[in-house]
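Numbering (mature numbering (1 follows the signal peptide of the UniProt record, and there is no 0)), first residue to last: -21 to -1, 1 to 141. Idealized CB from N, CA, C, for every residue including glycine. None of these values were measured; they are calculated from a predicted model.
Structural data, given as structure tokens:
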């Protein structure tokens, strides 16, 4: 048994090329590629947002939301607040909140907030995120359609006891 294990270990070393060189007498040297940082990446970290723009990373379109749910993204607008509005299917605002923007570069920054709901009648709607300029007008509005899982809602039901 020991001989089989030893033979397997030696065979694996030979087949993987560990300790081998091309001519047997040359030492292998690692190849250094100095151009590793020249590869362009298609990553949107929000740092290239135009003024007044925003990206909404959560929730995704048509997501089924349970309470609480995360609203997160990146924004480039004046001020230090991201305003969140949850609307029902008729377009009526049912929740309004705001969160601070953690600014990284200039006015660009990330935001995130957990929103809790306790309603049972609203099964579909939209989550909106926007900023406000100096005059109080909404800027950078992003809206995403969502559905609400009201079976797990935190609504409290009361019954009369006779």
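Put residue 101 into one of helix, strand or coil per three-state DSSP.
coil
Own chain partners of residue 60 with C-beta closer than 6 Å, once the 5 adjacent residues on each side are dropped = 77
message: Between residue 126 and residue 43, how many whole angstroms is the CB-CB distance? I'm expecting something under 8 Å.
response: 5 Å
_Check this for me: beta carbons of residue 106 and residue 92, under 7 Å apart or not?_
no
### Message
Less than 7 Å between C-beta atoms, sequence neighbours within five positions excluded: which residues of the same chain meet that for residue 94?
### Response
47, 48, 50, 63, 65, 74, 76
| message | Can you give me the C-alpha to C-alpha distance between residue 99 and residue 69, rounded to a whole angstrom? | response | 15 Å
Quick one: using the 10 Å Cβ neighbour count with 16 as the cut-off for buried, is residue 130 buried or exposed?
-> exposed
Inset, instruction - Can you grab the Cα-Cα spacing for the pair residue 81 / residue 71, in whole Å? - result: 29 Å
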